[in-house]
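Report on one structure; see the data block that follows.
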Amino acid sequence: MIYFFCSECREELEAEDSIRGTRMKCPACLKDLEVPKAGSKPAPRPAAGGSRESEAGLEAQPGARFILLVLLLGLVGLLIVGGAGYTLLKRERERKEKARPTCATCGGSGKISCAACEGRKTRACKECVQGKRKNFRDQEEDCYVCSGKATTDCPVCGARGNYGCAACGGTGRLDAPGKK
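Residues in the sequence shown are numbered from 16 upward in steps of one, following the working numbering.
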């Protein structure tokens, strides 16, 4: 048996003596590699901290880890400060909104119930009785205005049942005294 290391992933491998000098795939990383010939020594096993190539690359750029750390901490700091700032602004807006007086006209809802339909969104059809009307031959037929439903959409509120309060602009709150 011959024991050696994969040049890519540094996995310790073993092979039969009969396949020395041939090519095989590393079972860990699937890299195509050559099995060492007789008498050749395997590459030294890397330290637990990582491969020698990666350590040499970091030594060539001594500030790389520091720069990455600073960038990461900066990003985390921005996220924290941005999130805290957003939360503080949101709380301040909510506090100011609660401090504004409620509109007495709409009761703070921002909407006024339609007086024509009383909030029902429809009103009785003016052209028929119970959805039926008489035609020119004095025969009873479905009303052409309401399609036999006996109700029509309210023309005042547009079949919404309410409309925005003019006193508060539909917000339910009045502006603070002295501010516009």
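Built from N, CA and C at the ideal position, the CB exists for glycine as well.
{"Asked": "Spatial distance of P192 from G92 (CA atoms)", "Found": "The pLDDT assigned to P192 is 45, lower than 50, so where the model puts this residue is not dependable, and the model offers no usable value."}
{"Asked": "C-alpha gap between F81 and E49, whole angstroms", "Found": "38 angstroms"}
{"Asked": "Given 8 angstroms, three or more beta-carbon pairs between the segment 183–192 and the segment 141–151", "Found": "no"}
{"Asked": "Sequence-distant residues of its chain with Cβ nearer than 6 angstroms to M16 (five each side left out)", "Found": "E29"}
{"Asked": "Span separating the alpha-carbon of G179 from that of V144", "Found": "32 angstroms"}
{"Asked": "Contacts around T166, its chain only, beta-carbon distance under 7 angstroms, and the 5 residues preceding and following it disregarded", "Found": "T137, R138, A139, C140"}
{"Asked": "V171 versus A181 - alpha carbon distance", "Found": "15 angstroms"}
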